[in-house]
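Visitor: The sequence shown begins at 15 in my numbering and counts up by one.
The beta carbon of each residue, even a glycine, is placed where N, CA and C say it ideally should be.
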Amino acid sequence: MHELFSFPIRCERKNYVLKDVFYEGRYLINKNHKDTKIEIYDVFDKPDFIPSIVELVKRYRAGENPFKLVEKWVTEWGFWKSWGNFETETKGDYIYSKLDIFDLLITCESFCRDWELCKAIINQDLDQLQRFIRIEEAEVNDENKCKSSHKISVFQDEVNQEITYDILHFPDDILKEYSIIGSRYLADRIDMFLDKVNFALDKGVITWGKETNKIQLSPVLRTEGLFETLYLQLFMIFSENEKKICPVCNDIFSPTRRDKIYCSSSCKLTAKSQRYRARKANLI
Ligand SMILES: [Zn+2]
Numbered sequence: 015m016h017e018l019f020s021f022p023i024r025c026e027r028k029n030y031v032l033k034d035v036f037y038e039g040r041y042l043i044n045k046n047h048k049d050t051k052i053e054i055y056d057v058f059d060k061p062d063f064i065p066s067i068v069e070l071v072k073r074y075r076a077g078e079n080p081f082k083l084v085e086k087w088v089t090e091w092g093f094w095k096s097w098g099n100f101e102t103e104t105k106g107d108y109i110y111s112k113l114d115i116f117d118l119l120i121t122c123e124s125f126c127r128d129w130e131l132c133k134a135i136i137n138q139d140l141d142q143l144q145r146f147i148r149i150e151e152a153e154v155n156d157e158n159k160c161k162s163s164h165k166i167s168v169f170q171d172e173v174n175q176e177i178t179y180d181i182l183h184f185p186d187d188i189l190k191e192y193s194i195i196g197s198r199y200l201a202d203r204i205d206m207f208l209d210k211v212n213f214a215l216d217k218g219v220i221t222w223g224k225e226t227n228k229i230q231l232s233p234v235l236r237t238e239g240l241f242e243t244l245y246l247q248l249f250m251i252f253s254e255n256e257k258k259i260c261p262v263c264n265d266i267f268s269p270t271r272r273d274k275i276y277c278s279s280s281c282k283l284t285a286k287s288q289r290y291r292a293r294k295a296n297l298i
């Protein structure tokens, strides 16, 4: 893009947290009326938002009670979609929000899978990339109906469908090869969610810049729900490709050295003791 057309865009996702939640079957409900205290926060101001999803999925997979887990998460972070959309119903003066907890958990699981792939790509972790991608020979018919063999990469996606990509480049570097294939898959996944991101111009924030002595406009990217917000955040980290993701705590950090893997010395120690415990378990 020509530098003439580049400008920074503010991202925004205001979320509402109502603490008063209860269950009706598999649905978590909250009701809101005039006296309800509502906390509002912007998801883009919370770097621990993605790690909280990863933790939720980890605990769910470990067999913790899904109802209690979701209730705790929602009490802290709010509903998946804010009220004012299709998940809400108005009854008299009350607004009800409903959330299918298993829908939420499935959605979170598929996000975590994409997150792990993004982590493997930007952390340049070949072992992890090979968990997602398999490269094999395949026979294909060319335009003259001649059979030829070429390499393809195979992805196992979350519904266990195999997605194949032709390998267009044959870099000598195996890490490069896997990173390019992984990135093509991740770009497809992100693209599915970015069409729900709205680009808008905030009329309320047309101001007069004191220093510049000119009109200042405020373009903003807004997301419909938390899931789109997660993918927009993932897209930013993926496209920037400067930061790293800590394999232990999932914090996003700017590495001071290229070979830095963990965000802090305490995470480095945790990883060391995890490796030690895994080795010990293998010996028994
Ligand atoms: Zn960490």
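Quick one: measure Cβ to Cβ for Gly196 and Ile275, integer angstroms, because I've assumed they're closer than 8 Å.
Guide: Taking the first residue of the sequence shown as position 1, residue 196 is located at position 182. Taking the first residue of the sequence shown as position 1, residue 275 is located at position 261. Not really, about 18 Å apart at Cβ, beyond 8 Å.
Visitor: Find the nearest neighbour of Ile217 within the set Ser232, Glu123, Ile177, judged by alpha-carbon distance.
Guide: In the sequence shown, residue 217 corresponds to position 203, counting from 1. The identity of residue 217 in the sequence shown is Lys, whereas the question assumes Ile. Looking from the CA of Lys217, the closest CA among Ser232, Glu123, Ile177 belongs to Ser232.
Visitor: Just to confirm, is the Cβ distance from Trp94 to Thr50 under 9 Å?
Guide: For this step, residue 94 is matched to residue 80 along the sequence shown. For this step, residue 50 is matched to residue 36 along the sequence shown. No.
Visitor: Which two residues bound the contiguous alpha helix (DSSP H) that contains Gln247?
Guide: Your numbering for residue 247 matches position 233 in the sequence shown. From DSSP, the alpha helix (DSSP H) with Gln247 extends over 240-254.
Visitor: When you measure from the CB of Val262 to every non-hydrogen atom of ligand 1, does any distance come out below 8 Å?
Guide: Locating residue 262 in the sequence shown gives position 248, counting from the first residue. Yes; taking the cut-off as 8 Å, the Cβ of Val262 has a heavy atom of ligand 1 nearer than that.
Visitor: Starting from the Cα of Cys25, find the closest Cα among Lys60, Cys260, Asn46 and give me that residue.
Guide: Translated into the one-based positions of the sequence shown, residue 25 becomes position 11. For the set Lys60, Cys260, Asn46, the Cα lying nearest the Cα of Cys25 is the one of Lys60.
Visitor: To which residues does DSSP link Trp222 through a beta bridge?
Guide: Sequence index remark: in the sequence shown, residue 222 carries index 208 (1-based). Answer is Ile229, bridged to Trp222.
Visitor: Kindly indicate if chain B contains any beta-carbon less than 9 Å away from that of Ile194.
Guide: Checking the listed chains, one finds no chain B in this structure; it contains a single protein chain.
Visitor: Please state whether DSSP places Lys95 in a helix, a strand or coil.
Guide: In the sequence shown, the residue the question calls residue 95 occupies position 81. Coil, per DSSP.
Visitor: When the distance is taken between beta carbons, is Ile115 closer than 9 Å to Phe81?
Guide: Translated into the one-based positions of the sequence shown, residue 81 becomes position 67. Translated into the one-based positions of the sequence shown, residue 115 becomes position 101. Against a cut-off of 9 Å, the Cβ pair of Ile115 and Phe81 comes out as a contact.
Visitor: Going straight from the alpha carbon of Trp91 to that of Ile52, what length do you get?
Guide: Taking the sequence shown and counting its residues from 1, the one referred to as residue 91 is at position 77. Taking the sequence shown and counting its residues from 1, the one referred to as residue 52 is at position 38. In a straight line, the C-alpha of Trp91 is about 12 Å away from that of Ile52.
Visitor: Please report how far the alpha carbon of Trp87 lies from the alpha carbon of Arg75, in whole angstroms.
Guide: Translated into the one-based positions of the sequence shown, residue 87 becomes position 73. Translated into the one-based positions of the sequence shown, residue 75 becomes position 61. Answer to the nearest angstrom: the Cα atoms are 15 Å apart.
Visitor: Figure out for me which residue from Asp56, Asn212, Tyr41 has the closest Cα to the Cα of Val84.
Guide: Position 70 of the sequence shown, counted from the first residue, corresponds to residue 84. The residue with the shortest Cα to Cα distance from Val84 is Tyr41.
Visitor: With C-beta atoms as the reference, is Leu235 less than 9 Å away from Phe213?
Guide: Sequence index remark: in the sequence shown, residue 235 carries index 221 (1-based). Sequence index remark: in the sequence shown, residue 213 carries index 199 (1-based). For Leu235 and Phe213, yes; Cβs fall inside 9 Å.
Visitor: Should Tyr199 be labelled buried (16 or more other beta-carbon atoms within 10 Å of its own) or exposed?
Guide: Mapped onto the sequence shown, residue 199 falls at position 185. The residue in question, Tyr199, is buried, as its Cβ has 16 or more Cβ neighbours within 10 Å.
Visitor: Please work out which residues of its chain come closer than 8 Å, Cβ to Cβ, to Trp222, disregarding the five sequence neighbours upstream and downstream, and give them in chain order.
Guide: Counted from its first residue, the sequence shown places residue 222 at position 208. Closer than 8 Å at the Cβ level, and outside the excluded window around Trp222, lie Lys228, Ile229, Gln230.
Visitor: Mind checking whether the beta-carbon of Ser278 lies closer than 8 Å to any heavy atom of ligand 1?
Guide: For the purposes of this step, residue 278 is taken as residue 264 along the sequence shown, with counting starting at 1. Ser278: yes, Cβ under 8 Å from ligand 1.
Visitor: Could you check what DSSP says for Thr237 in three-state terms: helix, strand or coil?
Guide: The residue given as residue 237 occupies position 223 in the sequence shown. Reduced to three states, the DSSP call for Thr237 is strand.
Visitor: Here's the rule: buried if 16 or more other CB atoms are within 10 angstroms of the residue's CB, otherwise exposed. What is Glu38?
Guide: In the sequence shown, residue 38 corresponds to position 24, counting from 1. It counts as exposed.
Visitor: For Leu283 and Ile43, I'd like the C-alpha separation in whole angstroms.
Guide: Within the sequence shown, residue 283 is the residue found at index 269, counting from 1. Within the sequence shown, residue 43 is the residue found at index 29, counting from 1. Leu283 and Ile43: Cα-Cα distance of roughly 41 Å.
Visitor: Among Lys72, His47, Lys28, which one has its Cα closest to the Cα of Ile54?
Guide: Translated into the one-based positions of the sequence shown, residue 54 becomes position 40. Checking every option, the nearest Cα to that of Ile54 belongs to Lys28.
Visitor: For the beta strand (DSSP E) containing Asn42, list its first residue and its last residue.
Guide: For the purposes of this step, residue 42 is taken as the residue at position 28 of the sequence shown. Correcting the residue type first, residue 42 is Leu in the shown sequence and not Asn. Its beta strand (DSSP E) spans residues 41-46.
Visitor: Using the rule of at least 16 other Cβ atoms within 10 Å of the residue's Cβ for burial, across every protein chain shown, is Asn264 buried or exposed?
Guide: By one-based count along the sequence shown, residue 264 stands at place 250. By the 10 Å Cβ count, Asn264 comes out buried.
Visitor: With distances taken Cα to Cα, identify the nearest neighbour of Ile194 among Glu238, Leu140, Glu151, Ser287.
Guide: As a working mapping, residue 194 is identified with position 180 in the sequence shown. When each option's Cα is compared against that of Ile194, the closest is Leu140.
Visitor: Locate the beta strand (DSSP E) running through Val57, then write down its first and last residues.
Guide: As a first step, residue 57 is located in the sequence shown; it is residue number 43 there, counting from the start. No beta strand (DSSP E) contains Val57, which DSSP labels as neither H nor E.
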